[in-house]
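Numbering (this note's numbering), first residue to last: -4 to 327.
Every residue, glycine too, gets a C-beta built ideally from N, C-alpha and C.
Predicted, not measured: the structure shown is a model, and the values here were computed from it.
Each remark here refers to the structure printed beneath this line.
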Ligand code: NCD
Ligand code: ZN
């Protein structure tokens, strides 16, 4: 199959040595354009910092188009967004406090940010949401229903800012699929590769499959598969590829994140073929995302071949998704 270069609208590219390892694998995996998450240490909270981060990425992977995000925080004001577009910033990412990797400076309430959302609506910036409420077992909330309970926040934000484009990231539940579909044309969702196959059993006790939001029940997985292959234009690819060194995964208190960047399109082709919907791969990975983000077509192409491909045991210190397994597809 010949496809355009994919748009991967949610990636973690890290800093330092890990950045140098991961950024060059974007093209290998078949993507030519990525939306870069801002949860660095410290988080990317200014346009100047996003521009500097982008230059760093471009130096390591010149063939990739990097779309940047800012981390929603009190530092971020309507005035501070001046020059955002010129710096390649297309979205502001919101992490609820403490729900995932590097979210210690995340937010606790959306109300204080309403002036910013109004400015974003006018400027055409996208609001990108990590859609989980913080766990509070004493009040009946755990990581299993954290996403479903977040949906009222999404509905409220959409009601208050109907023209603001909002992306609910890395959805994992049937409830999120239904909610996004029900809301208007300005609300979309990204779906990862790994959530198309994982359920709770695959990550409990298996740290390399542990990510946030955690994979849920078989019925949720069925809904995600249906959404991704439905041809609905508001469900598209965001891999949430999130590399962590082995020592941060193979430990009693593991970091959340699954690394899929280097074999992104082979994983996806493998999955879509098993679902009997290879015909829907192109729109999911190469069209719907860029249309929602109002981006032009990419010019490069990739070739996906039905040739077995063994997933390496490791890329440097990082263990990839499905390490050691054989995928049915290879990508050039
Ligand atoms: C991400 C990371 O490692 O930065 N981890 C993850 O499990 N997805 C953060 C995130 O997107 O939640
Ligand atoms: Zn992420």
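Check                                                                                                                            : Outcome
Nearest residue (CA-CA) to residue 229, options 240, 199 and 287                                                                 : 287
Boundaries of the alpha helix (DSSP H) in which residue 148 is found, first to last residue                                      : 141 to 155
Beta-carbon contacts of residue 63 that lie in its chain and below 6 Å, excluding the five residues immediately before and after : 31, 45, 49, 83 and 84
Cβ-heavy atom distance, residue 164 to the ligand ZN, below 8 Å                                                                  : yes
Buried/exposed call for residue 226, threshold 16 Cβ in 10 Å                                                                     : exposed
According to DSSP, residues forming a beta bridge with residue 1                                                                 : 26
Element boundaries [alpha helix (DSSP H), containing residue 52]                                                                 : 42 to 55
Inter-residue spacing [alpha-carbon to alpha-carbon] between residue 11 and residue 52                                           : 10 Å
Residue environment, residue 110, which counts as buried when at least 16 other CB atoms sit within 10 Å                         : exposed
Per DSSP, the bridge partner or partners of residue 63                                                                           : 31 and 84
Three or more C-beta pairs below 8 Å linking the region 169 to 176 and the region 241 to 249                                     : no
Cβ-heavy atom distance, residue 184 to the ligand ZN, below 8 Å                                                                  : no
Whole-Å CB distance - residue 260 paired with residue 280, under 8 Å assumed                                                     : 7 Å
Beta-carbon gap between residue 316 and residue 270 smaller than 9 Å                                                             : no
Closer than 8 Å: residue 31 CB and nearest the ligand NCD heavy atom                                                             : no
beta-carbon residue 235 near the ligand NCD non-hydrogen atom, thresh 8 Å                                                        : yes
Any non-hydrogen atom of the ligand SAM closer than 8 Å to residue 89 Cβ                                                         : In the structure shown, the ligand SAM is absent; the only ligands present are the ligand NCD and the ligand ZN.
One or two residues paired with residue 300 in a DSSP bridge                                                                     : 325
Proximity test, residue 227 beta-carbon vs the ligand ZN heavy atom, cut-off 8 Å                                                 : no
Residue 98 Cβ short of 8 Å to the ligand NCD heavy atom set                                                                      : yes
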